[in-house]
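Read left to right, the sequence shown gives residues 1 to 142 (the UniProt record's numbering).
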Amino acid sequence: MQKMSNIYESAANTLGIFSSPCLTKVELRVACKGISDRDALSKPDPCVILKMQSHGQWFEVDRTEVIRTCINPIFSKLFTVDFYFEEVQRLRFEVHDISSNHNGLKDADFLGGMECTLGQVGVSTPPLPPLLLVLILNILLC
């Protein structure tokens, strides 16, 4: 099975998403604070999915592990994203409650999410060496 980062790179190359050379890789670590659950009987089992926009379409880049029964998860999964200086790279972080024993989204509840650009989460000019950002997502409930 192909790793998500390899799938992302393959899709990026095939679709011609980015025309400028990659300047650096950015590592993003995600945490959520105060997640509300739609199920009053149990706490959520959150998972964060990172998506990127290309040609008006969103595609999944990677996802975190599922942390069971937690409203303030700190995920150990690092998202590694190539930073392209002259490109606006739109990111979407979606939080889902994965209630089953697998990571599928078919039966998952969407808890909320946020959109931003990679530049908004702290990438500077000129680019720094690979950096690690901890994002605390303020989830807007739908």
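In this text, a Cβ means the ideal position worked out from N, Cα and C, and glycines have one as well.
Rounded C-alpha distance that separates residue i from residue j
i: Asp39; j: Lys106; result: 17 Å
i: Gln77; j: Ser42; result: With the sequence shown as reference, residue 77 is identified as Lys, and Gln is not the correct amino acid for it. One C-alpha to the other measures close to 24 Å.
i: Tyr84; j: Thr24; result: 8 Å
i: Val88; j: Gly56; result: 12 Å
i: Asn72; j: Ile35; result: 7 Å
i: Val26; j: Asp82; result: 6 Å
Per DSSP, the bridge partner or partners of residue i
i: Leu50; result: Asp62 and Phe93
Endpoints, the beta strand (DSSP E) within which residue i is located
i: Glu115; result: Asp109 to Thr117
i: Glu27; result: Thr24 to Cys32
Residue i (DSSP reduced to helix, strand or coil)
i: Val121; result: helix
i: Phe75; result: strand
i: Thr80; result: strand
Of the residues the options, the one placed nearest residue i, counting alpha carbons only
i: Gly112; options: Glu27, Pro44, Arg29 and Met52; result: Pro44
i: Thr64; options: Val95, Glu115 and Val26; result: Val95
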